[in-house]
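Per the numbering used here, the sequence shown starts with residue 65, numbered consecutively. We put the CB at the ideal spot given by N, CA and C, even for glycine. Quick caveat, the model's predicted, so the values are computed rather than measured. Note sheet for the following structure.
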Amino acid sequence: MQRRPLTRIELGLQDLMEFKNFIDTQYSGDCVKASKSIKDSFERIQIREAEKRRKNTRLRIGLPPDY
């Protein structure tokens with residue numbers, strides 16, 4: 065039985081799955097470390113945004129910026 069050639073989308077999906085499998089095999093031990101660093105960076109972004117909001121609020125109500 066003859067198979068039809070793969071389309072661009074199918075080839076792209078196949079490449080993505082192969083890349084995902086490669087990443088999983090390379091970083092199987094580093095997953096915990098990677099997820100922790102992502103969580104830490106997300107927390108830093110949240111803190112930075114909270115500081116910006118606090119500074120803008122202080123300026124809006126007429127208080128000096130708190131450094």
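Run of the alpha helix (DSSP H) containing residue i, from where it starts to where it stops
i	result
LEU127	Note, LEU127: premise wrong, no alpha helix (DSSP H); not H, not E.
Per-residue DSSP class, three states only, for residue i
i	result
LEU77	helix
THR71	coil
Distance between residue j and residue i (C-alpha atoms, nearest Å)
i	j	result
LYS84	GLN90	10 angstroms
SER105	ARG67	47 angstroms
PHE86	ARG122	50 angstroms
Integer Cβ distance of residue i from residue j, believed to fall under 8 angstroms
i	j	result
PRO129	LYS119	5 angstroms
Close beta carbons around residue i, own chain, < 8 angstroms, minus the five adjacent residues each side
i	result
GLN78	LEU70
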